[in-house]
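Engineer:
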Amino acid sequence: KTIIALAVIAKRRQPTLVLVHTKELLYQWVERARTFLGVEAGMIGDGNFSLAPITIAIVNSARNRLAELPAHFGQLCVDECHRVPASLFTEVVSAFDCRYLLGLSATAFRRDGLTKLIYMSLGDRAFKVESHDLHESGAILKPEYIQRATEFRYVYRGNYQALMKSLTTNAARNQLIVEDILKERGASPGTILVVSDRVKHCEELAALLKKHDCPSALLTGKLPAEQRTDLVESIRQGEVKVLISTVQLIGEGFDCPDLATLFLTTPIKFTGRLLQVVGRVLRPAHGKQARVYDYVDPVGVLSSSAQSRWLTFQKD
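So for the sequence shown, the numbering used here puts the first residue at 843; every next one is plus one.
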């Protein structure tokens, strides 16, 4: 997406402001502009303020300068544009009266019924790249999808949070996950990514792996932002073989081609979030085979969720 957008920016030759929502994406865009266009982009956010023909801005920081920014730009580019219906993005985007608007998203839909607001803000979809075209061109890998049946049992009475607590603290299920990780670690040269939507679950899996002399790195909200950049570099240097992360932090903007195998240890119900997380292991790298382990639990609501994920993988 970033490379396509940079090509459009270069062709249109308009001063462009790119809106992102995290510091990680801010610096990724600056690096890509330097690599593919040979220019130093301006930056707004994380203590920076500089304008250039291409300027990257964290949306919160852009909002603080809405009185001065719109006059400088003829094109507004919104990364992860499925976020536009959120009030912060809506406020910033609506303040610009640019000649060109460009939205980018791998998942341009929402589960809250506000999908139409994306197009109301940015215009109709101009182009969609189909996943099979990306596979055939080598832009992304097609993963091997592995479903693993568990023996987790639970009488579900409508309290999903209670179900998730029981699921993530189930010793037998966690042991199955750890055994699969250890086997994959011995067979795969790439870095393993383990995701859960519970911080305590991430910490428990890390502790279990440590008992088997398998060190891992933890990526949760407790890790300061500046240390996340160091963590990515450690992965690229081959120093991290197992990364355990919350779904929220790994979903968008975490760009590391060395991630090869994904373990989905808690169910992801929303297709958009699933595609974002799976996308972390689809970046091509020499000799890499992407794999996704998905755990199927014999509880009605969880089995239904697993079936939805299976259908998503069959489609893509």
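Yeah, the Cβ is synthetic: ideal placement off N, Cα and C, and Gly gets one too.
1) I886 bridges to which residues according to DSSP?
2) Which residues does DSSP pair with D1136 in a beta bridge?
3) Which residue from R1122, I1034, R1151 puts its Cα closest to that of I1110?
4) What are the residues that DSSP puts in a beta bridge with V862?
5) Quick test of your reading: S1038 and T957, contact by CB under 8 angstroms. State the CB separation rounded to the nearest angstrom.
6) Return yes when the Cβ of Y996 is within less than 8 angstroms of the Cβ of V1138, no when it is not.
7) For S1146, which of helix, strand or coil comes out of DSSP?
8) So is L1035 in contact with chain C if we call contact Cβ pairs under 8 angstroms?
9) Quick check: what's the CA-CA separation for E1068 versus Y869?
10) Output needed for N1012: all residues of its chain with C-beta closer than 7 angstroms, excluding positions within five of it in sequence on either side, in chain order.
11) What does the alpha-carbon distance come out to for the pair G889 and P912?
12) Under 8 angstroms: do the region 945-957 and the region 912-928 share three or more Cβ pairs, one atom per stretch?
13) Going along the chain, which residues of its own chain have a beta-carbon closer than 6 angstroms to the beta-carbon of S1087, five neighbours each way excluded?
14) If you draw a straight line from the alpha carbon of V1123 to that of D975, how long is it in whole angstroms?
15) Determine the extent of the alpha helix (DSSP H) in which V1074 is found, giving its start and end residues.
16) Would you mind stating whether L1065 and I1077 have Cβ atoms separated by less than 8 angstroms?
17) By Cβ distance below 7 angstroms, which residues in the same chain neighbour D1100 in space, the five residues on each side in sequence not counted?
18) Name the two residues that bound the continuous beta strand (DSSP E) containing Y998.
19) Do you know how far the Cα of V1089 is from the Cα of V1082?
20) So, is A1004 buried or exposed, given that buried needs 16 or more other C-beta atoms within 10 angstroms?
21) Leaving aside the five residues before and after T1103 along the sequence, list all residues of the same chain whose C-beta is less than 6 angstroms from its C-beta, in chain order.
22) Just to confirm the assignment, what range does the alpha helix (DSSP H) spanning A1049 have?
23) Starting from the C-beta of I1019, find all residues in its chain whose C-beta is less than 6 angstroms away, skip the five residues before and the five after it, and write them out in chain order.
24) In terms of residue numbering, what span does the alpha helix (DSSP H) encompassing G945 cover?
25) Could you compute how far the alpha carbon of V1119 sits from the alpha carbon of S892?
26) Identify the residues that DSSP records as bridge partners of V1089: which are they?
Structural biologist: Put simply:
1) Position 44 of the sequence shown, counted from the first residue, corresponds to residue 886. Beta-bridge partners assigned by DSSP to I886: F891, A899.
2) In the sequence shown, counting from the first residue as 1, residue 1136 sits at position 294. Bridge partners of D1136: Q989, L1106.
3) Start at 1 with the first residue of the sequence shown, and residue 1110 comes out as number 268. Of the candidates R1122, I1034, R1151, the one whose C-alpha sits nearest the C-alpha of I1110 is R1151.
4) As a position in the sequence shown, residue 862 is number 20, starting the count at 1. According to DSSP, V862 bridges with I900.
5) For this step, residue 1038 is matched to residue 196 along the sequence shown. For this step, residue 957 is matched to residue 115 along the sequence shown. That pair is no contact at about 27 angstroms.
6) Along the sequence shown, one-based indexing puts residue 1138 at 296. Along the sequence shown, one-based indexing puts residue 996 at 154. Contact flag unset, no.
7) As a working mapping, residue 1146 is identified with position 304 in the sequence shown. Note: S1146 maps to helix in three-state DSSP.
8) Among the chains of the structure shown, chain C does not appear; only one protein chain is present.
9) Position 226 of the sequence shown, counted from the first residue, corresponds to residue 1068. Position 27 of the sequence shown, counted from the first residue, corresponds to residue 869. Cα to Cα, E1068 sits roughly 12 angstroms from Y869.
10) For the purposes of this step, residue 1012 is taken as the residue at position 170 of the sequence shown. Within the same chain, N1012 has close Cβ partners F994.
11) Counted from its first residue, the sequence shown places residue 889 at position 47. Counted from its first residue, the sequence shown places residue 912 at position 70. Cα to Cα, the separation comes out at about 20 angstroms.
12) yes
13) Taking the sequence shown and counting its residues from 1, the one referred to as residue 1087 is at position 245. The answer, listed in chain order, is V1037, L1061.
14) By 1-based counting over the sequence shown, the position of residue 1123 is 281. By 1-based counting over the sequence shown, the position of residue 975 is 133. Each residue's alpha carbon lies about 18 angstroms from the other.
15) Here residue 1074 corresponds to residue number 232 of the sequence shown, with the count starting at 1. Here the alpha helix (DSSP H) through V1074 covers 1067-1078.
16) Start at 1 with the first residue of the sequence shown, and residue 1065 comes out as number 223. Start at 1 with the first residue of the sequence shown, and residue 1077 comes out as number 235. With contacts defined by Cβ atoms closer than 8 angstroms, L1065 and I1077 do not form a contacting pair.
17) As a working note, residue 1100 is residue 258 in the sequence shown. Excluding positions up to five away in sequence, the list reads G1032, T1033, I1077, R1078, A1127.
18) The sequence position of residue 998 within the sequence shown is 156, counting from 1. Y998 -> no beta strand (DSSP E), and no H or E assigned at all.
19) The residue you call residue 1082 lines up with position 240 of the sequence shown. The residue you call residue 1089 lines up with position 247 of the sequence shown. Answer to the nearest angstrom: the Cα atoms are 18 angstroms apart.
20) Numbered from 1 along the sequence shown, position 162 holds the residue referred to as residue 1004. Burial call: exposed.
21) Position 261 of the sequence shown, counted from the first residue, corresponds to residue 1103. Only E1026, S1030, I1034, R1133 meet the Cβ criterion.
22) Within the sequence shown, the letter at position 207 stands for residue 1049. Looking at the DSSP string, the run of the alpha helix (DSSP H) that includes A1049 is 1041-1053.
23) By one-based count along the sequence shown, residue 1019 stands at place 177. The residues are T1107.
24) Walking along the sequence shown from the start, residue 945 turns up at place 103. Boundaries around G945 are those of the beta strand (DSSP E), 942-945, since no alpha helix (DSSP H) includes it.
25) Within the sequence shown, numbered from 1, the residue matching residue 1119 stands at position 277. Within the sequence shown, numbered from 1, the residue matching residue 892 stands at position 50. Each residue's alpha carbon lies about 32 angstroms from the other.
26) As a position in the sequence shown, residue 1089 is number 247, starting the count at 1. Looking at the DSSP assignment, V1089 forms no beta bridge with any residue, so it has no partner.
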